[in-house]
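For reference, the structure is listed below as structure tokens.
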Amino acid sequence: MSDSIGVAVIGAGMAGKAHMAAWRNAPSLFGSTLPPVRLVSIGDVYEPLAAQAARRFGYARHDTDWRAIAAADDIDVVSVVVANTLHREIVEGLLAAGKHVLCEKPLAASLEDARAMAAAADAAAARAQTARVGFTYRRAPGLAAIGQLVEDSTLGRVLHVSGRYWTDYGSSPEVPFSWRFAGAPGTGALADVGSHLTYVAEFLAGEVRSVNGGLFTTTITERPVAAGHVLRGQQAQFTGEVATVENDDYATFNARFGGGTAVGSLEVSRVAAAHPNGLVIEVFCENGAARWDQERPSEIGLALRSDGSRLGGYRQVVLGPEHPYVAGGMAMDAPGVGWGQNQMFEYQARAFLDEVTGNTTDPLPANATFDDGVHNMEVLDAVARSAASGGASLDVRTTEGANA
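full-length UniProt numbering applies: residue 1 is where the sequence shown begins, and numbers increase by one.
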């Protein structure tokens with residue numbers, strides 16, 4: 001990897017395509033000093049999808065077995081974007097083969113697997129390999145701007161947080177059964193979008209120390225079985241059989257952050273009709289408040305006590321080159337041009353390449369570690385145990401088997 005970096009993506013679904021495009025575009029961001037990136041392979045067990053994605057995004061070839069990517073001498077960096085239950089085997093295999101790995105969240109399907117993966121990442125780090133988990137929303141310019149306002153005391157100490165992540169991909173009973181609907185309570189909406197919402201809230205308010213009020217519901221208890229391979233949003237042919245939904249369509253919980261003085265309420269759903277991707281976070285602080293909405297990603301709402309009572313209420317702040325990730329991070333980096341979630345994957349990929357190459361000239365903030373991924377899952381596990389206990393209050397740091 002002295003003169004170029006070979007990259008591959010395992011998983012050719014929706015999020016996988018975001019990774020494919022991100023590796024292609026990352027070297028063009030921020031006047032990059034990175035070596036050339038070679039787009040080598042797209043891996044997916046469904047060969048037609050892998051082949052189509054490789055052609056579309058300009059990758060040299062496609063593979064149907066992740067082991068071929070692990071064994072390939074021309075691949076250095078790999079994104080793992082497959083079902084959570086497959087993460088551990090693939091990630092551990094890639095690390096053993098000497099690859100640098102960027103794994104999608106949540107880190108694994110269980111805490112046991114996540115902790116094993118973190119141990120494998122520690123061992124790989126001793127061999128100068130990089131293993132990171134994709135907490136993509138930390139790259140949202142609006143969230144990063146609010147984070148700066150908290151950090152530099154403009155907003156001041158966080159008092160409480162309100163967050164929701166409402167999605168509607170499961171709102172129709174005609175959506176076919178898939179791996180997303182299988183698994184124990186807490187592996188549904190909570191693991192899928194709640195993992196995002198949790199680290200976003202922590203990004204602004206500090207690490208979650210305890211949770212209470214965990215509550216799950218499953219509103220659509222059976223789903224039709226598709227005949228053949230179906231991507232999200234595609235029309236499906238059905239076998240006539242139905243499968244039982246095993247996990248949560250909706251979840252909510254309360255959290256205590258940082259030193260214990262900041263609290264918050266978080267809510268997630270995959271059956272929230274008319275909300276395709278409705279992540280909203282609102283943080284209330286000593287000196288004011290701020291709000292970010294994924295459906296309006298090019299702005300934040302900001303209210304400061306220093307504005308005076310006559311100017312009370314949120315004012316719109318249109319993000320531009322003076323805010324994080326914007327200047328040099330988009331081809332058109334002018335105020336008000338607009339951007340969205342796809343760019344966050346590009347910033348994430350660029351930051352990963354910074355770490356892999358040891359770039360110290362113009363590096364972006366580092367990605368989340370596998371230990372961060374384990375903590376994220378410890379929070380989700382505490383929520384699941386709270387829900388199973390009728391909303392009991394649980395200390396995340398005393399989750400059974402947790403690292404000290």
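Backbone N, C-alpha and C fix where the C-beta goes; we use that ideal spot for every residue, glycine too.
Closest to residue i by C-alpha separation, out of the options, would be which residue?
{"i": "S195", "options": "V379, A290, V9, R397", "result": "V379"}
{"i": "A303", "options": "E282, P297, E322", "result": "E282"}
{"i": "W179", "options": "S172, P173, T187", "result": "T187"}
{"i": "A255", "options": "S162, A121, R350", "result": "S162"}
{"i": "G156", "options": "G328, A289, C103, A22", "result": "A289"}
{"i": "A387", "options": "V211, T64, V150", "result": "V211"}
{"i": "residue 409", "options": "N287, Q343, Y325, N25", "result": "Because the chain here runs from 1 to 404, residue 409 falls outside it and cannot be looked at."}
{"i": "T219", "options": "A273, F257, T198, G308", "result": "A273"}
{"i": "A205", "options": "L143, F181, T167, T217", "result": "L143"}
Please state the DSSP three-state secondary structure of residue i.
{"i": "E282", "result": "strand"}
{"i": "D248", "result": "coil"}
{"i": "M140", "result": "Note that residue 140 corresponds to Ala in the displayed sequence, not to Met. Coil at A140, not helix or strand."}
{"i": "E174", "result": "coil"}
{"i": "E295", "result": "coil"}
{"i": "H62", "result": "strand"}
{"i": "R115", "result": "helix"}
{"i": "L364", "result": "coil"}
{"i": "N254", "result": "strand"}
{"i": "D395", "result": "strand"}
{"i": "S32", "result": "coil"}
{"i": "E151", "result": "helix"}
{"i": "residue 407", "result": "Only positions 1 to 404 of the chain appear in the structure, and residue 407 is not among them; the question remains open."}
{"i": "P27", "result": "helix"}
{"i": "H275", "result": "coil"}
{"i": "G13", "result": "coil"}
{"i": "S306", "result": "helix"}
{"i": "A145", "result": "helix"}
{"i": "H323", "result": "coil"}
{"i": "I300", "result": "strand"}
Could you please give the first and the last residue of the uninterrupted alpha helix (DSSP H) stretch that includes residue i?
{"i": "T167", "result": "Per DSSP, T167 belongs to no alpha helix (DSSP H) and is neither H nor E."}
{"i": "Q52", "result": "47 to 57"}
{"i": "S195", "result": "195 to 205"}
{"i": "G6", "result": "Where G6 is concerned, there is no enclosing alpha helix (DSSP H), although the beta strand (DSSP E) it sits in stretches over 5 to 10."}
For the beta strand (DSSP E) containing residue i, list its first residue and its last residue.
{"i": "V356", "result": "Per DSSP, V356 belongs to no beta strand (DSSP E); it is in the alpha helix (DSSP H), 341 to 357."}
{"i": "N376", "result": "Counting along the chain, N376 falls outside any beta strand (DSSP E), though it belongs to the alpha helix (DSSP H) covering 370 to 388."}
{"i": "T217", "result": "208 to 217"}
{"i": "R38", "result": "37 to 43"}
{"i": "R90", "result": "Per the sequence shown, the amino acid found at residue 90 is Ile instead of Arg. Run containing I90: none in the beta strand (DSSP E); it sits in the alpha helix (DSSP H), 87 to 96."}
{"i": "A83", "result": "That residue, A83, is in no beta strand (DSSP E); it is neither H nor E in DSSP."}
{"i": "R315", "result": "315 to 318"}
{"i": "A226", "result": "222 to 226"}
{"i": "G134", "result": "131 to 134"}
Less than 8 Å between C-beta atoms, sequence neighbours within five positions excluded: which residues of the same chain meet that for residue i?
{"i": "A184", "result": "E246, N247, A384"}
{"i": "P176", "result": "R223, P224, V225, A226, V230, A236, F238"}
Residues in its own chain within less than 6 Å of residue i by CB, not counting five upstream and five downstream?
{"i": "A8", "result": "V40, S41, I69, I75, V78"}
{"i": "D113", "result": "R88"}
{"i": "A83", "result": "W179"}
{"i": "L94", "result": "A70, V78, V101"}
Here's a check: name, in chain order, each residue in its chain whose Cβ is nearer than 7 Å to the Cβ of residue i, leaving out the five neighbours to either side.
{"i": "T244", "result": "T221, E222"}
{"i": "A124", "result": "L95, A131"}
Does the CB of residue i have a neighbour CB from chain B at under 8 Å?
{"i": "H19", "result": "Although the question refers to chain B, the structure presented lacks it and comprises just one protein chain."}
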